[in-house]
């Protein structure tokens, strides 16, 4: 009688592996067989594709009444451009002549009312972006006579007035805001003891948000300049000191 030979199932070769690695893998492990399909079934959508149209629009964020066009869904209706809501504008502080004489003029005798008006006008125009305000401060077309610049565009001091740095402009603006906030809160005719707690807390919160110290800002920038101007040897020495400090 002939003994029936057992047939071994044909083993699947992994083409992504090398021949030597594939032989070792098939010798010691069974080949995993995927039970599910490797590819997902094509999705079926019950709804039809929506129709899009090329439609003109105007944005309330613009002041030139410009008409543009874009693609929108045919069934979509709106009265204003969708992204016009993100055109948020800040409202810089404004003061009257009486408020300036009472609470702003005593702050700093080096600032005149004409230059202070000019500063707040730039803050309104450039949306409190003080980097831009400082960049245009001495070259703006509407600058007053107290703010001078020579023919070459170099800034010069007007009389005994010093040149205004970025910190000077910010310090002047926020000091005006704090003075106006205190002055307008003091116009309340009610007794301070009778004021609700929310009113006193709101005044403290407003003053905290308007806080700015020009001297500390200059000191902070000076420290950063020293930090960025370090040599490679100084950086390596500092890193070594940090490692030794951690060991201790």
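Numbering (my numbering), first residue to last: 65 to 312. Every residue gets a Cβ at the ideal spot worked out from N, C-alpha and C, and that includes glycine.
In the three-state reduction of the DSSP assignment, residue 273 falls in the helix class. In this structure, the alpha-carbon of residue 171 lies about 8 Å from that of residue 239. If you draw a straight line from the Cα of residue 289 to the Cα of residue 117, it comes to about 55 Å.
DSSP, reduced to helix, strand and coil, places residue 292 within a helical segment of the structure shown. In the DSSP assignment, the residues bridged to residue 133 are 120.
The Cβ-Cβ distance between residue 233 and residue 274 does not fall below 8 Å.
Per the C-alpha coordinates, the member of 140, 296 and 157 positioned closest to residue 241 is 157. Each residue's CA atom was taken as its position, placing residue 124 and residue 148 some 6 Å apart. Considered as a whole, the segment 153–215 harbours 177–189 and 194–200 as its complete alpha helix (DSSP H) runs of no fewer than 4 residues, in chain order. Considering only 133, 302, 177 and 303, the residue with the shortest C-alpha distance to residue 160 is 177. For residue 268, the three-state secondary structure derived from DSSP is helix. By the neighbour-count criterion, in which a residue is buried when 16 or more other Cβ atoms sit within 10 angstroms of its Cβ, residue 205 is exposed.
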